[in-house]
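> Sending over a structure as structure tokens; questions will come in a sec.
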Amino acid sequence: AQSVTQPDIHITVSEGASLELRCNYSYGATPYLFWYVQSPGQGLQLLLKYFSGDTLVQGIKGFEAEFKRSQSSFNLRKPSVHWSDAAEYFCAGADPGNTGKLIFGQGTTLQVKP
Amino acid sequence: GAGVSQSPSNKVTEKGKDVELRCDPISGHTALYWYRQRLGQGLEFLIYFQGNSAPDKSGLPSDRFSAERTGESVSTLTIQRTQQEDSAVYLCASSPRGGPATNEKLFFGSGTQLSVL
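Next up, the structure:
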């Protein structure tokens, strides 16, 4: 069955430190992959997406993600975290053959320490 | 409107009652999605409408759940005989065409918080 897994439910980092949020996928073929952020009381905002091509994808707010086929991973990174990055982050995948259906991971809550 | 609009923003109901949740997509968006987010969990796909094609209902958890959409306009998600486990945030999203795996974005509404007592 298709699935997206975020192994870390909760992560705490200090402001200014680097960040990596993990995402693993299980699909028959390489899926389209996405990272979304959800701030308290707000809707989901797309950070970045990967369809094909360059495996290092740049997104908004200084985020990037790297697609690694050999590890079935699509980890989200940021070199220096800001307090405003505290939010919940969701990784999601879509089957290129059934593009209407996003499958989301369980989410990772990021807490930023001053 | 400028974004995806959902109503009501909050709904409290008694177990066994029926509820209707409404989603107004962005004008011109042909694709519309319903997702459910239970407390502390990720988003769970429920149903997807694309234009006049038959909807993908593969995510609906039981026959108590149904959704309708007329053309490319408003959609309603109906939950009959609500149960406590139905308590969740129900999110609606729309996209200009073809779903999130095109180069367009998926635009989410702010959701309806459903609480079943």
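So the sequence lines, in the order shown, correspond to chains A and B.
For the first sequence, the working numbering gives the first residue as 1, with consecutive numbering after it.
For the second sequence, the working numbering gives the first residue as 1001, with consecutive numbering after it.
Cβ coordinates follow ideal geometry from the N, Cα and C atoms, glycine included.
#1: Quick one: is S1075 (chain B) near chain A, going by C-beta distance under 8 Å?
#2: Any residues in the stretch 80-113 of chain A with a beta carbon nearer than 7 Å to a beta carbon of chain B? Which ones, in chain order?
#3: Tell me which residues share the same chain as E88 (chain A) and place their Cβ nearer than 6 Å to its Cβ, disregarding the 5 neighbours each side in the sequence.
#4: Can you tell me which of the three DSSP states D8 (chain A) falls into?
#5: Would you list, in sequence order, the uninterrupted beta strand (DSSP E) runs of no fewer than 3 residues that lie entirely inside the stretch 60-96 of chain A?
#6: Going straight from the alpha carbon of Q1041 (chain B) to that of S1053 (chain B), what length do you get?
#7: Determine which residues share a DSSP beta bridge with N24 (chain A) and list them.
#8: From L1090 (chain B) to P96 (chain A), what distance separates their C-alpha atoms?
#9: According to a CB-to-CB cut-off of less than 7 Å, which residues of the stretch 1042-1073 of chain B neighbour chain A?
Quick look at the numbers:
#1: Not one chain A Cβ lies under 8 Å of S1075 (chain B).
#2: Against chain B - using a Cβ distance shorter than 7 Å - the residues of the stretch 80-113 of chain A are F90, A94, P96, T99, G100, K101, L102, I103, F104, G105, Q106, G107.
#3: If we look at E88 (chain A) and ignore the five residues flanking it on each side, its Cβ neighbours are Q38, G107, T109.
#4: DSSP places D8 (chain A) in coil when its eight states are reduced to three.
#5: Within the stretch 60-96 of chain A, complete beta strand (DSSP E) segments of at least 3 residues are found at 64-68, 73-78, 87-95, given in chain order.
#6: Roughly 30 Å separates the two Cα atoms.
#7: N24 (chain A) pairs with A:T5, A:S73.
#8: Note that residue 1090 (chain B) is Tyr in the sequence shown here, rather than Leu. Near 25 Å, if we compare the C-alpha coordinates of P96 (chain A) and Y1090 (chain B).
#9: Going along the stretch 1042-1073 of chain B in chain order, one finds G1042, L1043, F1045, Y1048, Q1050, D1056 with a Cβ nearer than 7 Å to chain A.
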